[in-house]
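Going by this note's numbering, the residue at position 352 of the sequence shown is 364; the numbering climbs one at a time, nothing skipped. Here is the structure we will look at.
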Amino acid sequence: MRRTARDSEETSRVLNRRTLMLGGAMSAMVAVLGVRMRYLQVDQADEFRLLAEENRINIRLIPPERGLIQDRNGQLIAANEQNYRVVITREAAGDAELVLRRLAGIIPITPEELERTIEEVKALRAFVPVTVAERLSWEDFSKVALNAPALPGIVPEVGLSRRYPLDHDFAHVVGYVGPVSDKDLEALETPDPLLRIPKFQIGKIGVEKWMEDTLRGRAGTKRIEVNSAGRVMRELERQEGDPGTDIRLTIDAEVQNFAQARLGDESAAAVVMDVTNGDVICIASSPSFDPNLFVRGISHTDYNALMENDHRPLANKTVSGAYPPGSTFKMVTALAALEAGVATPDTRVRCPGYIEFGGRRFHCWKRGGHGSVNLARSLSESCDVYYYDIAQRVGIDKIAEMGRKLGLGQRFDIPMSAITEGIMPDKQWKQDRHKAEWRIGDTINASIGQGYVLTSPLQLAVMTARLATGRAVSPRLVRTVNDRELPVVEAAPLGITAEFLSAIQRGMYEVVNSDQGTAKSSRVVEPTMVMAGKTGTSQVRNISAAEREAGVISNDQLPWNRRDHALFVGYAPYDAPRYAIAVVVEHGGGGSTAAAPIARDILLRALSDGLPPLDAYPASQRGRIESMLNELPLRDPATGVTTVRTRA
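Take a look at the structure:
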């Protein structure tokens, strides 16, 4: 008995101890849980509330309004317009294909567009909106809104789209925008999140491309509530972004329009520069195209028509075209010889119509030759033999050095696409490029802008501006950014001897104003607008000895693509240079007949407040010039409509 009582007492003590231990452990666990719950519910409340918020709130980007592009006087070149569009959401439409076919009976949608939209709707998630049609007229947009009950899932929306009101005039300069492609994204290390927005448009060529970051702006944001499937329920908050920065170019839209009209249907280019500051006043490539077609989505028919045109309307000939400069290069050869001391302005060379070297004849354009010529006469009558002779004395390396000093063989940094560097060859260039030694025959060809020499119209305009001023004038295309005038750095002197530069300028004056000058028919008789210049004709085919013996076939008897290129460079006024110009007419024949008259008209337009004044032309030409000017399809600056004007 006594043992049993003792055992019971011992058992009771063990149980009490275990109960206390278990109770203590439970109390400790409750305490830990309490501390953890306080940590999660109080200390970390904000973080978990944010995580929960992110599960039901999405932040989406709002595309900013793209910056405007204007000409030097504020005329709109690239604008934004309201874009009436229609989108469809498959989950709200039910039978999306049926709804789309109903819609096609209300607004114009081609069968191809309809099938493409149906496939896109099927490929995307049910709640993702798909654009069906854009740039609807107000009438069509209203029809969709009125028929909304019969079109479930169809939503009419209003957005912004790029528009080019001056269409063809600035297509090669400003370029156009288009949807972001995979190639665009791959070219960027850290793409702007905006570029991930479906069908977001960015600049593809021209100023639109090269100033994309300035024009694009900064995205806004909106907070939207979505359900577990990701479907938008409502918009909670919106914060607008910053619109893109406006840009004003140096180009005068009216001079540009005149140049495009004056070039007409020719495959040609014209560049006008202000020699005082490098401002590009006009940079026209012909034929052109309507950039609005690319913004809206160009059709296969329209695109094929552009691609198959042998005049290459999509090519920007002003900066990407590389042409043998022909006789417009002769000032380079002459200055190199003068500066090297191997010739003077009075040095005379006898021209019998050719020179012989290494068993080969190099011909002058004038079969019977020019006789004895000095520098001024060699320029005014464009004697080739004079330059064959002095080029051998000075050598190609000195000629190339002078060419680069005058702006040839350089890629100028302006915001345009596919700018060529051209070719200003020397001995090392041929060794590097062709693994061959430079020959005297190469120098002879280069001396008159043939052979390996290639230049762009922009480079020729720069060369002419530098010849007119003796300074290293460089082209400038952007005048202001966000109404802030970009600084103009004064061009440094070229370091060319003033006497020699003056002799070249006098020779260019004689080209246009002497009775024997190759461009005498394009002279300007108004004393305050007198022009100096140089004609050029560059061959695109070889002339055989047999053809030369029988008589060289005239350009008008050859197929268009085998005719010579026609060139002219010039500046005006002669006594106080303001503008320099370069004109290239592909396969135009002669520079004096095809390029010089165009250059004169464009220069006079740049110098005048309106159409070129008739009294600036020789009296015998005024009737013909008046008729020509009246027939030009010029844009009315007040209405923007292109019409044939009638002079009052």
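Even for Gly, the Cβ is constructed at its ideal location relative to N, Cα and C.
- Query: DSSP three-state call for M285: helix, strand or coil?
  - Reply: strand
- Task: Run the CB neighbour count on L498, radius 10 Å, all protein chains shown included, and call it buried at 16 or more, exposed below.
- Result: exposed
- Message: Given this structure, state the Cα-to-Cα distance separating V344 from M414, to the nearest angstrom.
- Response: 6 angstroms
- Query: In terms of residue numbering, what span does the alpha helix (DSSP H) encompassing L110 cover?
  - Reply: 108-116
- Residue environment, W450, which counts as buried when at least 16 other CB atoms sit within 10 Å: buried
- So, helix, strand or coil for Q94, using DSSP? strand
- 8 angstroms Cβ shell around M41 - same chain, five flanking residues per side excluded: none
- Item | In DSSP terms, what L579 is bridged to | G548, V596
- Task: Look up F424 in the DSSP assignment and say whether it is helix, strand or coil.
- Result: coil
- By Cβ distance below 6 angstroms, which residues in the same chain neighbour A348 in space, the five residues on each side in sequence not counted? V406, K410, I411, M414
- Message: I'd like to confirm the pairing. Which residues does DSSP put opposite F374 in its beta bridges?
- Response: I367
- Query: Which word fits V111, buried or exposed, when buried means at least 16 other C-beta atoms lie within 10 angstroms of its C-beta?
  - Reply: buried
- Query: Between L261 and D83, which are expected to be in contact by the criterion C-beta below 8 angstroms, what is the C-beta distance as a whole number of angstroms?
  - Reply: 6 angstroms
- Query: I think V98 touches P168, with their Cβ atoms under 8 angstroms apart; what is that distance to the nearest whole Å?
  - Reply: 6 angstroms
- Message: If distances are taken between C-alpha atoms only, which option among L136, D302, S279 comes closest to R324?
- Response: S279
- Item | Cβ pair I100, V156 closer than 8 angstroms | no
- V581: which of M475, E103, R389 sits nearest, CA to CA? M475
- Who are the Cβ neighbours of E65 in its own chain at under 8 angstroms, not counting the five residues just before and after it? The predicted position of E65 is uncertain, since its pLDDT is 49 and thus under 50; a value taken from the coordinates is nonetheless stated next. Closer than 8 angstroms at the Cβ level, and outside the excluded window around E65, lies no residue.
- Query: So does the segment 173-192 actually touch the segment 121-131, counting three or more Cβ pairs closer than 8 angstroms?
  - Reply: no
- Item | Residue range of the alpha helix (DSSP H) that includes R474 | It should be pointed out that residue 474 corresponds to Val in this sequence rather than to Arg. 469-481 is the span of the alpha helix (DSSP H), which, as asked, contains V474.
- Message: By the DSSP assignment, the beta strand (DSSP E) with P168 in it spans what residues?
- Response: 166-175
- Item | Inter-residue spacing [alpha-carbon to alpha-carbon] between V307 and G529 | 48 angstroms
- Could you check which residue in D258, M319, V536, V284 has the C-alpha nearest to that of F270? V284
- Kindly say whether P336, judged by its beta-carbon, lies nearer than 8 angstroms to any beta-carbon of chain B. Among the chains in the structure shown there is no chain B, since it carries only a single protein chain.
- Task: State buried or exposed for H312, treating a residue as buried only when at least 16 other CB atoms are found within 10 Å of its CB.
- Result: exposed
- Message: Distance check for S394 and A584, CA to CA, integer angstroms please.
- Response: 20 angstroms
- Query: Closest by CA to D107, which one among L34, N304, I166, P303?
  - Reply: I166
- Item | Cβ contact check for the segment 327-341 and the segment 297-305: 3 or more pairs under 8 angstroms | yes
- Does the distance from the C-beta atom of P589 to that of A503 stay below 8 angstroms? no
- Item | Residues sharing a beta bridge with T233, DSSP | L73, Q251
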